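The structure appears below as structure tokens.
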Amino acid sequence: MINKIGKVTVYVNDQAQAKDFWLTKIGFVLKAEQPMGPNATWLEVGPSESEFTTLVLYPKADMLQQNPSAVSQPSVLFSTTDIDTAYEGMKNNGVEVGELMKMPYGSMFTFKDQDGNEYLLREDK
Numbered sequence: 001m002i003n004k005i006g007k008v009t010v011y012v013n014d015q016a017q018a019k020d021f022w023l024t025k026i027g028f029v030l031k032a033e034q035p036m037g038p039n040a041t042w043l044e045v046g047p048s049e050s051e052f053t054t055l056v057l058y059p060k061a062d063m064l065q066q067n068p069s070a071v072s073q074p075s076v077l078f079s080t081t082d083i084d085t086a087y088e089g090m091k092n093n094g095v096e097v098g099e100l101m102k103m104p105y106g107s108m109f110t111f112k113d114q115d116g117n118e119y120l121l122r123e124d125k
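Its first residue numbered 1, the sequence shown is counted upward by one per residue in the UniProt record's numbering.
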């Protein structure tokens, strides 16, 4: 049986820019970085050292050659326990963020990475 989500692949135009975005602007940590063939790197980032689930930052150009139908917009929802601090922190770091929506069923906002991929951050208490 499946008991957790291990990895989510995000297809990126430039791994170095993606790595900088997730580590510097979002505050993730580097979980893995190792050569994957002569011209590629396996790159994983995550919210903390102890978090099991990671994002794999995979070169979009490589995947387009391997399996063009696999490359699409990621649909990833992240969680936080303090939406206001996360929103202000991302804005202060220069991340493109959408409107902070405070709804009866929860607070959330969208943000975009360096390639324009959109994500949702939702407060879970």
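Yeah, the Cβ is synthetic: ideal placement off N, Cα and C, and Gly gets one too.
Keep in mind that this is a model prediction, so the values were computed, not measured.
{"Query": "Classify Met108 as buried or exposed, calling it buried when 16 or more other Cβ atoms lie within 10 Å of its own Cβ.", "Result": "buried"}
{"Query": "According to DSSP, Phe111 sits in a beta bridge with which residue or residues?", "Result": "Val97 and Tyr119"}
{"Query": "Tell me Phe78's beta-bridge partners as DSSP assigns them.", "Result": "Leu121"}
{"Query": "Return the first residue and the last residue of the alpha helix (DSSP H) that Gly89 is part of.", "Result": "Ile83 to Asn92"}
{"Query": "Hey, quick one: how far does the alpha helix (DSSP H) through Lys19 stretch, first residue to last?", "Result": "Gln15 to Asp20"}
{"Query": "Starting from Lys25, trace the alpha helix (DSSP H) in both directions and tell me its first and last residue.", "Result": "Counting along the chain, Lys25 falls outside any alpha helix (DSSP H), and DSSP gives it neither H nor E."}
{"Query": "If I measure Cβ to Cβ from Tyr87 and keep anything under 7 Å in the same chain, skipping five residues before and after, which residues do I get?", "Result": "Val97, Leu100 and Phe109"}
{"Query": "Where do the N-terminal and C-terminal ends of the alpha helix (DSSP H) with Met31 fall, by residue?", "Result": "The residue asked about is misnamed: residue 31 is Lys in this sequence, not Met. No alpha helix (DSSP H) contains Lys31, which is instead part of the beta strand (DSSP E) from Val29 to Pro35."}
{"Query": "Of the residues Arg122, Asn117 and Met63, which one's Cα is nearest the Cα of Asp82?", "Result": "Arg122"}
{"Query": "Are the CB atoms of Val10 and residue 211 within a distance shorter than 9 Å?", "Result": "A query on residue 211 cannot be resolved here, the shown segment of the chain reaching from 1 to 125 and no further."}
{"Query": "Leaving out five residues before and five after Met63 in sequence, what residues of the same chain have Cβ atoms less than 7 Å from its Cβ?", "Result": "Tyr11, Ala70 and Val71"}
{"Query": "Would you mind stating whether Tyr58 and Leu43 have Cβ atoms separated by less than 9 Å?", "Result": "yes"}
{"Query": "List the endpoints of the continuous alpha helix (DSSP H) containing Lys60.", "Result": "Lys60 to Gln66"}
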